[in-house]
Amino acid sequence: PSRKDKKDDLPIVAGDVEAEPGDIVRVRLQRGRPLEPPKALIVERIGRADEPRAISISLAIELDLPMTFSPEALEEAA
């Protein structure tokens, strides 16, 4: 692997969320000591990478799309 590949890899810390290889997860970066690379703390398991629902949710999160409807929209739909 090149130096760039190594630089892009972050150590992953499971935290309180259980995840397995192949899962899509949301992480929060944790800074360590100076010159130490940050660690990725898993804060949410979204689903398996082969599940269409998990892919849709991860894209919505990445694009910062709203995940719920406003009370006004729900009232109008009723």
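Counting from 31, one number per residue, gives the positions in the sequence shown under the numbering used here.
For each residue, glycine too, the CB sits at the ideal point set by N, CA and C.
Under 7 Å Cβ to Cβ from residue i, same chain only, skipping five residues before and after it: list those, please.
i: Ala90; result: Met97
i: Pro68; result: Leu40, Leu59, Gln60, Arg61 and Gly62
Count the other CB atoms, across all protein chains shown, that sit within 10 Å of the CB of residue i; report buried if there are 16 or more and exposed otherwise.
i: Leu59; result: exposed
i: Leu71; result: buried
i: Val55; result: buried
Kindly indicate which three-state DSSP category residue i falls into: helix, strand or coil?
i: Glu74; result: strand
i: Leu95; result: coil
Which first and last residues belong to the alpha helix (DSSP H) in which residue i is found?
i: Arg83; result: Pro82 to Glu92
Return the chain-ordered list of same chain residues with a C-beta closer than 6 Å to the C-beta of residue i, the five sequence neighbours on each side being excluded.
i: Leu40; result: Ala70
i: Val73; result: Arg56 and Arg58
I'd like the list of long-range same chain contacts for residue i, defined as Cβ closer than 8 Å, with 5 residues on each side in sequence excluded.
i: Ile76; result: Asp53, Ile54, Val55, Arg56, Ala84, Ile87, Ser88 and Ile91
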